[in-house]
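Have a look at the structure below, then the notes.
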Amino acid sequence: MRRVWIGLLVVAVLASVWYGVTRRSPAPPAPGGARGDSAGTGLKAVRLFFASPDGDSLVSETREILEQSNLHERVAALVAELDRGPRGGGVAALPAGTAVLHAYLDEGGGLTLDLSRAFEQGFRGGAMTEYAAVASLVRTLGANLPEVKRVLLVCGGAPLATLGGHVPLDQPFDVSEWL
Amino acid sequence: MAPASGARALIARALRRLGPPLLALATLGVDGRAPRIGETLESAPTREVSGTTCVGANDLARLLRATKFWHPEVRKLILRAGPHRIQLTAEDPFVVVDDGTVALPAPVMPVGGELQVPVALADLLPRDSTLARLVFDPRRRVLVVAPPSGVLGSARVVVQEGRTRLVFEADRPEEVVVVSRARDHFRVRFGGFFSGSLPDALPAAALVQRIRPIGAAAGSAFEMAVSRQATGFRVVRDTRARRVVLEFTREPSSEFTAFAPEGPPGPRDLRVVVLDPGHGGRDAGVTAGGLVEKDLTLALARQLESEIGRRLRVRVVLTRTEDRDVPVEARAEIANRARADLVVSLHFDGFPNAAAGGATAYVPPATYSSAGFTGGAGSLTVLAWREAATRHAVESRALGEAILSSLELRGDGPILLRELLPYPLLGVDAPGLLLECATLTARADRERVGGRAGMAELAETIADGIQAYQRNE
Numbered sequence: 001m002r003r004v005w006i007g008l009l010v011v012a013v014l015a016s017v018w019y020g021v022t023r024r025s026p027a028p029p030a031p032g033g034a035r036g037d038s039a040g041t042g043l044k045a046v047r048l049f050f051a052s053p054d055g056d057s058l059v060s061e062t063r064e065i066l067e068q069s070n071l072h073e074r075v076a077a078l079v080a081e082l083d084r085g086p087r088g089g090g091v092a093a094l095p096a097g098t099a100v101l102h103a104y105l106d107e108g109g110g111l112t113l114d115l116s117r118a119f120e121q122g123f124r125g126g127a128m129t130e131y132a133a134v135a136s137l138v139r140t141l142g143a144n145l146p147e148v149k150r151v152l153l154v155c156g157g158a159p160l161a162t163l164g165g166h167v168p169l170d171q172p173f174d175v176s177e178w179l
Numbered sequence: 180m181a182p183a184s185g186a187r188a189l190i191a192r193a194l195r196r197l198g199p200p201l202l203a204l205a206t207l208g209v210d211g212r213a214p215r216i217g218e219t220l221e222s223a224p225t226r227e228v229s230g231t232t233c234v235g236a237n238d239l240a241r242l243l244r245a246t247k248f249w250h251p252e253v254r255k256l257i258l259r260a261g262p263h264r265i266q267l268t269a270e271d272p273f274v275v276v277d278d279g280t281v282a283l284p285a286p287v288m289p290v291g292g293e294l295q296v297p298v299a300l301a302d303l304l305p306r307d308s309t310l311a312r313l314v315f316d317p318r319r320r321v322l323v324v325a326p327p328s329g330v331l332g333s334a335r336v337v338v339q340e341g342r343t344r345l346v347f348e349a350d351r352p353e354e355v356v357v358v359s360r361a362r363d364h365f366r367v368r369f370g371g372f373f374s375g376s377l378p379d380a381l382p383a384a385a386l387v388q389r390i391r392p393i394g395a396a397a398g399s400a401f402e403m404a405v406s407r408q409a410t411g412f413r414v415v416r417d418t419r420a421r422r423v424v425l426e427f428t429r430e431p432s433s434e435f436t437a438f439a440p441e442g443p444p445g446p447r448d449l450r451v452v453v454l455d456p457g458h459g460g461r462d463a464g465v466t467a468g469g470l471v472e473k474d475l476t477l478a479l480a481r482q483l484e485s486e487i488g489r490r491l492r493v494r495v496v497l498t499r500t501e502d503r504d505v506p507v508e509a510r511a512e513i514a515n516r517a518r519a520d521l522v523v524s525l526h527f528d529g530f531p532n533a534a535a536g537g538a539t540a541y542v543p544p545a546t547y548s549s550a551g552f553t554g555g556a557g558s559l560t561v562l563a564w565r566e567a568a569t570r571h572a573v574e575s576r577a578l579g580e581a582i583l584s585s586l587e588l589r590g591d592g593p594i595l596l597r598e599l600l601p602y603p604l605l606g607v608d609a610p611g612l613l614l615e616c617a618t619l620t621a622r623a624d625r626e627r628v629g630g631r632a633g634m635a636e637l638a639e640t641i642a643d644g645i646q647a648y649q650r651n652e
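Pasting the structure below:
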């Protein structure tokens, strides 16, 4: 009888030790890297284009932003960074408050970028400003989104012939011509 | 790869002899859209680590447009770019790229808190459209992102038995297009970014007397002056050797294409000049310091009308003579109905930064963006109505250069020429340009054009340019 009690005691001790050990053990690492990658927060360097101070070219700035999961969020994040303005020596080229309403990418790489009304209503300036606004957008999108081949700018869901009467916006811009 | 800055210096040296206006045109560049000679591609510096050329992992991620995931417990850095996954391990020469493993000549080394990756990795990465193609430039010691359109290398000249060959190393030889066949303005456009250099000097016996880079809507373009002794040209696209040969011949040959017919040298036949005062009505344009663009453009157009009428025997037509809205289609129709020989759309610029000033001309690009198609009898290029002005790109550029040179001479610079089809020239079938005469947000420009004699002087200066264009000097 005593042996039985000793045996039960040993079994109970072993069971409790086993329970404690398994409870404290970390989860086994995920096989492969992909799941492990997505568990962390990814940072991505993006290249933003702003107007140069003398207005005759663009200057680029590199920032690290949080990786976005889909195209709309990626485009919106880039435009939001442009709207925040330059941190270096550039000049903000987009009308203040410009934001992305919709971004639609077709199978041929044509991106229709629907911008908020601020893009049209907030525009002030001449051809230099207008050119810089378009160039800043197209070059930033082209430099960071390789799947985008062309960019058509629309505003508030409607086509936009021009921003200030100098640069035609009725046709998409071929990104390769601006890179 | 030859230095791009060398080409820029060469052009600057050549143009310095021609005078300040042309020098300014070349120095300022012709178009801010695409990378041009003197500009740089996206790149990252490299450093030597234990005798191996390396690039920082942060820079590598930036160039590859990759998202970084750092796993400190195993000292691994994962870079994810599109469908690709690159796993770097500290102090390990083996890199996992997608499903395979590649060996670097030296391990990835942590230096100053950042992994340093041997640049040899660039050649071991997958080549597809989802991953940026990286090229190590040993001369500048930088890792460069090759543009999607490829790279155009240096040109060399070979003169042999009455023929002159210009040989370009090109990633995409099939994309070369002869844009203009005129001897004086022989223009060729290549696919890809020009990263090479032009010859320092052309041999005296060469049939090409001058070559210079010009702005293009896509790729890289050059303008050449071809000798009158040349009778034809041909383009050899060698896709296997990745080379383009432009060949010019002195002896007539059926294998060569003839140059475009050339009119007699001398003054251009100008009969109708159309002046388009920008904006009007509800569209005031730029307003700064009490000046309103729509009023200035109308006042300038009237001054210019009388100035041109006094100097040249031409009919001058204005697209508006009062403060009213005129749609762009109506402006084009006025110009086309008048059978304009040239159209000048007058504007004044504005920019958020007061440091920006001077004049800019926007001229139609020397390329057609409309797609051509092949019919039964051969190929036919369809030109959209809106792009009719691009048929006159060479003449428009000559007009732009003449007017900008005149403005520069008067001290109204800096000047800039951009090749972009401007909105007011949509549907216009004539040489023309949009001219931003001055920048109203720049105090110096504002005081000049807003002064008592400012507008009259500006009209004289622009008329000088139009007259120089007419004289065809």
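Going down the list, the sequences are from chains W and A.
Position 119 (the first sequence) corresponds to 119 in our numbering; numbering is contiguous.
All you need for our numbering is the position in the second sequence, starting with 1, plus 179.
Ideal Cβ positions, reconstructed from N, Cα and C, are used throughout, including at glycine.
Indicate whether residue i and residue j have their beta-carbon atoms separated by less than 8 Å.
{"i": "S185/W", "j": "V59/W", "result": "Because residue 185/W is not part of the residues shown, which for chain W are 1 to 179, the question remains open."}
{"i": "R429/A", "j": "T410/A", "result": "yes"}
{"i": "V75/W", "j": "L113/W", "result": "yes"}
{"i": "T476/A", "j": "L525/A", "result": "yes"}
{"i": "E647/A", "j": "A581/A", "result": "A small correction: the amino acid at residue 647/A is Ala; Glu does not occupy that position in the sequence shown. Contact: yes."}
{"i": "R344/A", "j": "E227/A", "result": "no"}
{"i": "V321/A", "j": "S229/A", "result": "no"}
{"i": "V234/A", "j": "T225/A", "result": "yes"}
{"i": "L220/A", "j": "P326/A", "result": "yes"}
{"i": "I487/A", "j": "V496/A", "result": "no"}
Which of the three DSSP states is assigned to residue i in this structure?
{"i": "F119/W", "result": "helix"}
{"i": "T618/A", "result": "strand"}
{"i": "I645/A", "result": "helix"}
{"i": "R87/W", "result": "coil"}
{"i": "P603/A", "result": "helix"}
{"i": "G125/A", "result": "Absent from the structure is residue 125/A, since the part of chain A shown begins at 180 and ends at 652."}
{"i": "L300/A", "result": "helix"}
{"i": "K44/W", "result": "strand"}
{"i": "D624/A", "result": "helix"}
{"i": "G460/A", "result": "coil"}
{"i": "A236/A", "result": "helix"}
{"i": "Q482/A", "result": "helix"}
{"i": "L160/W", "result": "coil"}
{"i": "E580/A", "result": "helix"}
{"i": "W249/A", "result": "strand"}
Which residues in the same chain have their Cβ closer than 7 Å to the Cβ of residue i, if we skip the five residues on either side of it in sequence?
{"i": "E434/A", "result": "R413"}
{"i": "L470/A", "result": "L619, R625, G629"}
{"i": "R510/A", "result": "D455, T498, P603"}
{"i": "L160/W", "result": "E120, L153, V154, L169"}
{"i": "T500/A", "result": "none"}
{"i": "E252/A", "result": "none"}
{"i": "E293/A", "result": "G235, A236, N237"}
For residue i, which residues in the same chain have their Cβ closer than 8 Å to its Cβ, ignoring the five residues on either side in sequence?
{"i": "A34/W", "result": "With a pLDDT of only 37 at A34/W, under the threshold of 50, the placement of this residue in the model should not be trusted, and no figure is reported."}
{"i": "C155/W", "result": "D114, L115, S116, R117, F119, E120"}
{"i": "R23/W", "result": "Any reading at R23/W needs caution, since the residue's pLDDT is 45, under 50, leaving its predicted position unreliable; the model's value is listed next. Within the same chain, R23/W has no close Cβ partners at all."}
{"i": "L94/W", "result": "V79, L82, D83, F119, A133, S136, L137"}
{"i": "A533/A", "result": "T620, A621, R622"}
Enumerate in chain order the residues of its own chain whose CB-to-CB distance from residue i is below 6 Å, with the five nearest sequence positions on each side excluded.
{"i": "V424/A", "result": "R344, V346, V415"}
{"i": "T466/A", "result": "none"}
{"i": "G644/A", "result": "A581, I582, S585"}
{"i": "R335/A", "result": "V346"}
Is the segment 491–504 of chain A touching the segment 454–462 of chain A in the sense that three or more CB pairs, one from each, lie closer than 8 Å? yes
Could you list the residues in the segment 229–244 of chain A with a C-beta less than 8 Å from some C-beta on chain W, going in chain order? N237, A240, R241, R244
By the 7 Å beta-carbon criterion, what residues does the segment 137–171 of chain W contribute toward chain A? N144, P146, T162, G165, H166, V167, P168
Taking 8 Å as the threshold, find out whether the segment 370–387 of chain A comes into contact with the segment 330–337 of chain A through three or more Cβ pairs. yes
Contact between the segment 263–278 of chain A and the segment 291–306 of chain A: three or more CB pairs below 8 Å? yes
Interfacial residues, the segment 85–114 of chain W to chain A, with Cβ spacing under 9 Å: V91, A92, A93
If the cut-off is 7 Å on Cβ atoms, which residues from the segment 44–68 of chain W count as contacting chain A, listed in chain order? K44, A45, R47, P53, D54, G55, D56, S57, L58, T62, E67
Members of the segment 595–611 of chain A near chain W, C-beta cut-off 8 Å: L595, R597, L599, L600, P601, Y602, P603, L605
Short of 8 Å Cβ to Cβ, which residues in the segment 113–130 of chain W face chain A? R124, G125, G126, A127, M128, T129
Compile a chain-ordered list of the residues in the segment 531–542 of chain A whose CB is closer than 9 Å to at least one CB of chain W. P531, N532, A534, A535, G536, G537, T539, Y541
In the segment 455–485 of chain A, which residues sit with their C-beta less than 9 Å from some C-beta in chain W, listed in chain order? G457, H458, D462, G464, V465, T466, E472
Where the segment 582–595 of chain A meets chain W: residues whose CB sits under 7 Å from a CB there: L595
Pull out every residue of the segment 565–580 of chain A whose Cβ sits closer than 9 Å to any Cβ of chain W, in chain order. R565
Using a Cβ-Cβ cut-off of less than 7 Å, list which residues of the segment 328–348 of chain A approach chain W; keep chain order. S328
Measuring CB atoms only, is the segment 298–315 of chain A touching the segment 242–257 of chain A, in the sense that at least three cross pairs come out at less than 8 Å? yes
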